[in-house]
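Going by UniProt numbering, the letters in the sequence shown line up with residues 1 to 365, in that order.
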Amino acid sequence: MDAPGFFWRRLEAFGGSWVLLEAPGDSWRPLDASQSLLTSSLPPSAPLWPAVCDSLYELLTGLSRSEVPYQLYTDQRLALLLLCLFLILPMSVSKEISIQKHISVLGTLAASYLTVAIMVRYHTAPAARSTPLHSGGAGSWAAVFSVVPTICFGFQCHEASIAIYSSMENQRLSHWALVSVLAMVICLLIYTLTGVYGFLTFGRELAPDVLMSYSSRDVLMLVARLLFGVSIITIYPITVLLGRSVIQEPLLSCWRRRGGAAAAEAAAFERRSRWLLTAAWLALTLLIAVFVPDISKVISVIGGISAFFIFIFPGLCLVFAMQTQPVSCRTRVALTAWGGLTLLCGAFIFGQSTTIAVLQLLGHI
Numbered sequence: 001m002d003a004p005g006f007f008w009r010r011l012e013a014f015g016g017s018w019v020l021l022e023a024p025g026d027s028w029r030p031l032d033a034s035q036s037l038l039t040s041s042l043p044p045s046a047p048l049w050p051a052v053c054d055s056l057y058e059l060l061t062g063l064s065r066s067e068v069p070y071q072l073y074t075d076q077r078l079a080l081l082l083l084c085l086f087l088i089l090p091m092s093v094s095k096e097i098s099i100q101k102h103i104s105v106l107g108t109l110a111a112s113y114l115t116v117a118i119m120v121r122y123h124t125a126p127a128a129r130s131t132p133l134h135s136g137g138a139g140s141w142a143a144v145f146s147v148v149p150t151i152c153f154g155f156q157c158h159e160a161s162i163a164i165y166s167s168m169e170n171q172r173l174s175h176w177a178l179v180s181v182l183a184m185v186i187c188l189l190i191y192t193l194t195g196v197y198g199f200l201t202f203g204r205e206l207a208p209d210v211l212m213s214y215s216s217r218d219v220l221m222l223v224a225r226l227l228f229g230v231s232i233i234t235i236y237p238i239t240v241l242l243g244r245s246v247i248q249e250p251l252l253s254c255w256r257r258r259g260g261a262a263a264a265e266a267a268a269f270e271r272r273s274r275w276l277l278t279a280a281w282l283a284l285t286l287l288i289a290v291f292v293p294d295i296s297k298v299i300s301v302i303g304g305i306s307a308f309f310i311f312i313f314p315g316l317c318l319v320f321a322m323q324t325q326p327v328s329c330r331t332r333v334a335l336t337a338w339g340g341l342t343l344l345c346g347a348f349i350f351g352q353s354t355t356i357a358v359l360q361l362l363g364h365i
């Protein structure tokens, strides 16, 4: 019994209110509750572009926005549009996720370079910048929990896990567990070192996009900006694939019910719908990036919502799996209790963090 099919059979009794996936062979498809995956896939795509916009501007001009008069050829939105049309769109329109397995290595290397560059700049910075004025501690519990949405946003990867598992050649659960743990450890190290050294370098003056805190004439950080764009390019197609499949599957089913049974016609319809949905997804996220340029505000709200999927969904998987799996009574009780605790923590973090993020966005706190 493969893992994706396992999740579907175990969660079917829950009434179909969650993202349920089945992976026959090397493919995968959504089976029910498509709105859950769509809700959790589209919002995280939007905050990627504001950061790319800022990086593209300084990468192309070598100056900050205030130092250069506006010109069409220096507009970072134009550069972003061209990048999406000629690079990201062709990469995102792929039918399968397996094409990303080699490209994603570049994203990991790019993120690692960014972390190393920030650490190097901290140790080579002048003494005046190496000892900034830091906060003496959190002023309240609200201040502590205000960072939870950002952390949740960074670790929101559950939506892609089943699709990635289905594309692996070695689908043993022990191998999958090892890959998952190593991937999360790499993310933890990159996020932690980048955040810590960025804050140690700039203190309270650290920008939401850490790269924007560095000089536009710093060659080391210019390379980091370029590689940051590479990492975004490797992330985005996977998110598009997940969200697009949620919309495309009902369209294909509806088309088949109306009599489109010929294989050639079905393939042509699938190809057209895939291109149109990918272009629409890309256009929508670009519009969000243009009209909501402050990445910190976007991440704070989306991160609170991400906590719902990060804690509650895995907790439900564990609770319902323990109802039917042949495990000892002690193991069943322990894992069910852990799943219930995860549900409670997820509900609390989701409600509290999202409320704080919305209040901060409205300027009430």
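Ideal Cβ positions, reconstructed from N, Cα and C, are used throughout, including at glycine.
Using alpha carbons as the reference points, say which of the options lies closest to residue i.
i: Ala183; options: Gly195, Ser112 and Phe311; result: Ser112
i: Leu316; options: Cys345, Phe153, Ser328 and Val290; result: Cys345
i: Glu270; options: Leu85, Val93 and Leu89; result: Val93
i: Thr278; options: Gly340, Tyr236, Arg330 and Pro208; result: Tyr236
i: Val210; options: Leu114, Ala268 and Thr234; result: Leu114
i: Phe86; options: Leu282, Ser215 and Ser253; result: Leu282
i: Phe228; options: Lys95, Val358, Ser104 and Gln360; result: Ser104
i: Lys95; options: Glu169, Ser216, Ala268 and Arg204; result: Ala268
i: Cys152; options: Val181, Cys187 and Ser167; result: Cys187
i: Thr239; options: Pro250, Gln360 and Ile164; result: Ile164
i: Ser180; options: Ile162, Val196 and Gly195; result: Ile162
i: Ser253; options: Ala266, Leu241 and Leu242; result: Ala266
i: Leu242; options: Pro208, Ser166, Arg217 and Val196; result: Ser166
i: His123; options: Cys329, Val196, Gly351 and Ser216; result: Val196
i: Ala109; options: Leu178, Ala160 and Val223; result: According to the sequence shown, residue 109 is Leu rather than Ala. Cα-wise, what sits closest to Leu109 is Val223.
i: Pro208; options: Thr194, Pro326 and Ala264; result: Thr194
Assuming residue i and residue j are in contact, meaning their beta carbons sit under 8 Å apart, how far apart are those beta carbons, in whole angstroms?
i: Val230; j: Gly107; result: 7 Å
i: Val148; j: Ala307; result: 7 Å
i: Ile305; j: Thr354; result: 6 Å
i: Ala125; j: Thr201; result: 6 Å
i: Arg225; j: Arg274; result: So it is not a contact: roughly 31 Å between Cβ atoms.
i: Ile233; j: Ile88; result: 6 Å
i: residue 374; j: Leu335; result: What the structure shows of the chain is the stretch from 1 to 365, and residue 374 is not part of that stretch, so it cannot be assessed.
Got a sec? Which residues, its chain only, sit under 8 Å from residue i by beta carbon, not counting five neighbours each side?
i: Ala120; result: The amino acid occupying residue 120 in the given sequence is Val; Ala does not appear at that position. These residues qualify, in order along the chain: Leu220.
i: Thr342; result: Phe311, Ile312, Pro314, Gly315 and Leu318
i: Cys84; result: Leu282 and Leu286
i: Ser328; result: none
Can you name, in chain order, every residue of its own chain whose Cβ lies under 7 Å from the Cβ of residue i, other than the five neighbours on each side?
i: Ala347; result: Ile312
i: Arg332; result: Met322
i: Ile190; result: Ala111, Ser112 and Thr115
i: Gln325; result: none
Apart from the five residues on each side of it in sequence, which residues of its chain come closer than 6 Å, Cβ to Cβ, to residue i?
i: Gly198; result: Ile118, Leu206 and Val210
i: residue 374; result: Only positions 1 to 365 of the chain appear in this structure, which leaves residue 374 out of reach.
i: His175; result: none
i: Ala13; result: Its pLDDT being 33, under 50, Ala13 is placed unreliably by the model, and nothing is read from it.
i: Leu251; result: Ser273
i: Arg330; result: none
i: Tyr214; result: Met221
Considering only heavy atoms of the ligand MN, does any lie closer than 8 Å to the CB of residue i?
i: Ala177; result: The ligand content of the structure shown is nil, which means the ligand MN is not present either.
**Item:** Stretch-stretch touch, CB-based, cutoff 8 Å, three pairs: the region 280-293 with the region 78-91
**Value:** yes
**Request:** Could you tell me which uninterrupted alpha helix (DSSP H) segments, each at least 4 residues in length, are contained entirely in the region 169-214, listed from first to last along the chain?
**Result:** 173-202
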